[in-house]
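Under the numbering used here, the letters of the sequence shown match residues 7 to 443, in that order.
Don't be surprised by glycine CBs; every beta carbon is placed ideally from N, CA and C.
Comments concern the structure below.
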Amino acid sequence: MPTSARAPSRAMTRTGTGTRTGRRARARVRRRRATTRDDARDDDDEEEDGGGGGFFADKVRFVRDNFNAYRDGARTTVETFPSPRARGFRARAAFGIARGDAGDTVRLATASGGEARAVDAFPDGAAGVERAAGAFARVVNRSSHRGVRRRVAAVNFLTNRVGDQVVVGVTTTTKTKTRGVDEEDEEEDRRAFDAFAAAMMKDDSTIVGVVRRRRKRAPYVVGQDFVVETMTTTTCDGRRVVEFKHTEGSFSNPNPDVAELTANFLCDVARELTANGGERATRFVELYAGCGNHTVTLAPYFRGGALAVEINPALVDAARENFARNNVTNATIVNAAAEDWASAQRAPRDDDDERAVVLVDPPRAGLDAKTLDFITSSKAFDAVIYVACDALSLKRDIEDPERGFIARGFTLARLAAFDHAPTSRRWIELVGVFVRA
Numbered sequence: 007m008p009t010s011a012r013a014p015s016r017a018m019t020r021t022g023t024g025t026r027t028g029r030r031a032r033a034r035v036r037r038r039r040a041t042t043r044d045d046a047r048d049d050d051d052e053e054e055d056g057g058g059g060g061f062f063a064d065k066v067r068f069v070r071d072n073f074n075a076y077r078d079g080a081r082t083t084v085e086t087f088p089s090p091r092a093r094g095f096r097a098r099a100a101f102g103i104a105r106g107d108a109g110d111t112v113r114l115a116t117a118s119g120g121e122a123r124a125v126d127a128f129p130d131g132a133a134g135v136e137r138a139a140g141a142f143a144r145v146v147n148r149s150s151h152r153g154v155r156r157r158v159a160a161v162n163f164l165t166n167r168v169g170d171q172v173v174v175g176v177t178t179t180t181k182t183k184t185r186g187v188d189e190e191d192e193e194e195d196r197r198a199f200d201a202f203a204a205a206m207m208k209d210d211s212t213i214v215g216v217v218r219r220r221r222k223r224a225p226y227v228v229g230q231d232f233v234v235e236t237m238t239t240t241t242c243d244g245r246r247v248v249e250f251k252h253t254e255g256s257f258s259n260p261n262p263d264v265a266e267l268t269a270n271f272l273c274d275v276a277r278e279l280t281a282n283g284g285e286r287a288t289r290f291v292e293l294y295a296g297c298g299n300h301t302v303t304l305a306p307y308f309r310g311g312a313l314a315v316e317i318n319p320a321l322v323d324a325a326r327e328n329f330a331r332n333n334v335t336n337a338t339i340v341n342a343a344a345e346d347w348a349s350a351q352r353a354p355r356d357d358d359d360e361r362a363v364v365l366v367d368p369p370r371a372g373l374d375a376k377t378l379d380f381i382t383s384s385k386a387f388d389a390v391i392y393v394a395c396d397a398l399s400l401k402r403d404i405e406d407p408e409r410g411f412i413a414r415g416f417t418l419a420r421l422a423a424f425d426h427a428p429t430s431r432r433w434i435e436l437v438g439v440f441v442r443a
């Protein structure tokens with residue numbers, strides 16, 4: 007793949023603030039960020055290799071060609087982590103709907119080249135996704151569920167690695183576009199969806215919940231709206247199994263096998279950065295924390311505790327539960343946009359003893375200027391761990407002439423490539439570890 011060719015990244019969909027000001031405009035932007043974070047990291051429109059994920063070598067070559075100039079001479083190679091599974095790796099998947107000519111039947115659809123394409127199989131999907139997709143196709147096309155079938159617009163599936171829990175998210179249009187829907191119609195609509203959800207859970211016993219989403223309405227949940235994922239990490243106190251609550255409709259890594267590889271890489275980084283009894287880094291800060299999975303994994307390394315920052319209230323709640331599930335007692339989370347949290351921090355004094363490591367895991371658009379400026383200028387941060395789902399956004403933030411890592415005296419000490427989507431020609435997630443020179 008020539009370096010001048012299209013980069014292995016996904017098109018940006020996250021909305022930026024631009025020049026818009028005012029509380030209402032900023033609030034609308036943040037709500038869109040919180041609710042589209044899932045879509046912003048999805049890869050459903052990527053080309054596929056048709057048989058087993060043979061693109062990793064090309065993607066790694068792209069990374070080497072574009073990032074070797076920034077490397078610390080002490081390490082000469084990009085650390086690479088291919089997906090353990092070439093197929094059946096995706097625990098979270100989103101589909102559109104394709105309708106028959108008469109509109110009496112529906113099929114799941116994916117986007118390819120900007121066009122919807124009906125599919126009867128999804129080889130990238132984990133076992134739970136495949137089973138639940140089959141259950142949906144069977145149940146929704148029954149004559150008894152015509153009302154749901156007529157209004158379904160999209161379907162999401164969320165499972166875990168072992169496939170013993172699946173949540174199905176169903177997006178539907180409203181029954182009427184007029185103001186003031188009749189309460190009796192609403193109740194009838196709700197009963198129809200309850201019957202559909204019950205049929206789904208009866209058809210496949212691993213489906214533990216069905217969530218209905220409608221525009222400008224709160225989600226309606228039958229059963230539960232989350233699955234529990236586990237992974238094994240090597241931490242400072244030995245190997246341990248950690249659990250995470252992943253909520254339907256909120257961001258979670260689509261490839262849990264690679265998420266586990268990433269977690270163990272980050273543990274190795276934390277061991278290096280907290281060497282000599284933690285004197286080099288005493289506190290951990292995570293921006294764009296999601297459900298707190300990185301903080302759960304890394305907080306035990308930091309004797310000064312951990313702070314997570316996340317904009318999505320549902321993910322903040324999930325993170326607090328994940329801290330409790332894993333007995334992480336030295337971590338807290340705040341509900342805030344990263345740029346607002348950064349603006350509220352005071353500049354550290356030269357005589358401050360506390361030092362910190364900050365981990366940023368932004369959407370594919372990368373860091374906004376305010377957050378980039380804060381983390382590269384703050385004397386409190388001895389090291390920055392940058393989890394990038396878009397290689398070119400990371401490259402831009404490295405090279406920014408005013409606020410970038412090079413301009414502010416950081417060295418790229420480690421760089422790792424993680425193949426979350428082995429059937430994608432372009433998407434490769436990078437983790438860069440920057441230390442102040």
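Counting only the same chain and skipping the five closest in sequence on each side, list residues whose C-beta sits under 8 angstroms from that of Leu-272.
Once the five neighbours on either side are set aside, the close Cβ partners of Leu-272 are His-300, Thr-303, Leu-304, Leu-365, Ile-391 and Val-437.
Residue burial classification, Val-340 (beta-carbon count within 10 angstroms, cutoff 16):
Classification for Val-340: exposed.
How about Gln-230 and Val-214: do their beta carbons lie closer than 8 angstroms?
Yes, Cβ-Cβ distance for Gln-230 and Val-214 is below 8 angstroms.
Tell me the DSSP secondary structure of Lys-385 in three-state form.
The DSSP-derived three-state label of Lys-385 is coil.
Closer than 8 angstroms, CB to CB, is Leu-378 near chain C or not?
Judged by its chain identifiers, the structure shown contains no chain C, having just a single protein chain.
Proximity to Asp-323 [Cα-Cα], best of Pro-369, Tyr-226, Val-161 and Thr-253:
Among Pro-369, Tyr-226, Val-161 and Thr-253, the Cα nearest to that of Asp-323 belongs to Thr-253.
Would you mind stating whether Met-206 and Val-275 have Cβ atoms separated by less than 8 angstroms?
Going by C-beta atoms, Met-206 is not nearer than 8 angstroms to Val-275.
Using the C-alpha atoms, what's the distance from Arg-409 back to Trp-433?
Answer to the nearest angstrom: the Cα atoms are 26 angstroms apart.
Mind checking whether Leu-378 and Asp-403 have CB atoms under 8 angstroms apart?
Cβ atoms of Leu-378 and Asp-403: closer than 8 angstroms.
What does the alpha-carbon distance come out to for the pair Glu-76 and Thr-417?
Note on identity: in this sequence residue 76 is Tyr, with Glu being the wrong assignment. Take the alpha-carbon of Tyr-76 and the one of Thr-417: they are about 7 angstroms apart.
Straight-line CA distance for Asn-444 to Ala-312?
The requested residue 444 is not part of the displayed model; the chain covers only 7 to 443.
Considering only C-alpha positions, which residue in the set Ala-330, Ala-314 and Asp-200 is nearest to Ala-150?
Looking at the sequence shown, residue 150 is not Ala but Ser. If we check each option's Cα against that of Ser-150, Asp-200 comes out closest.
Hey, could you find the ends of the alpha helix (DSSP H) Ala-325 is sitting in?
Going by DSSP, Ala-325 is part of the alpha helix (DSSP H) stretching over 319-331.
Should Ser-383 be labelled buried (16 or more other beta-carbon atoms within 10 Å of its own) or exposed?
Residue burial annotation: Ser-383 is exposed, with fewer than 16 other C-beta atoms found within 10 angstroms of its C-beta.
Using beta-carbon positions only, say whether Arg-155 and Val-125 come within less than 8 angstroms of one another.
The answer is no: Cβ separation not under 8 angstroms.
Are there 16 or more other CB atoms within 10 angstroms of the CB of Ser-349, so buried, or fewer, so exposed?
By the C-beta density criterion, Ser-349 is exposed, having fewer than 16 other C-beta atoms within 10 angstroms.
So Leu-272 is in the alpha helix (DSSP H); what residue range does that whole segment cover?
262-279 is the span of the alpha helix (DSSP H), which, as asked, contains Leu-272.
Which residues mark the beginning and the end of the alpha helix (DSSP H) in which Ala-133 is found?
Annotation: the continuous alpha helix (DSSP H) that includes Ala-133 extends over 133-146.
Hey, how far is the Cα of Glu-136 from the Cα of Phe-128?
Computed Cα separation, rounded: 7 angstroms.
Does the separation of the CB atoms of Gly-94 and Gly-140 fall below 8 angstroms?
No, Cβ-Cβ distance for Gly-94 and Gly-140 is not below 8 angstroms.
Residue nearest to Ala-115 in terms of C-alpha spacing, selected from Ile-381, Thr-180 and Phe-142:
Nearest in C-alpha terms to Ala-115, of all of Ile-381, Thr-180 and Phe-142, is Phe-142.
Rounded distance between the beta-carbons of Gln-171 and Thr-180, thought under 8 angstroms
That pair is no contact at about 29 angstroms.
Report back the beta-carbon spacing between Ala-160 and Phe-101 to the nearest angstrom; my notes put them in contact at under 8 angstroms.
Between the beta-carbon of Ala-160 and that of Phe-101 there is about 7 angstroms, and that keeps the pair under the 8 angstroms contact cut.
Indicate the three-state DSSP secondary structure (helix, strand or coil) for Ile-434 in the structure shown.
Coil.
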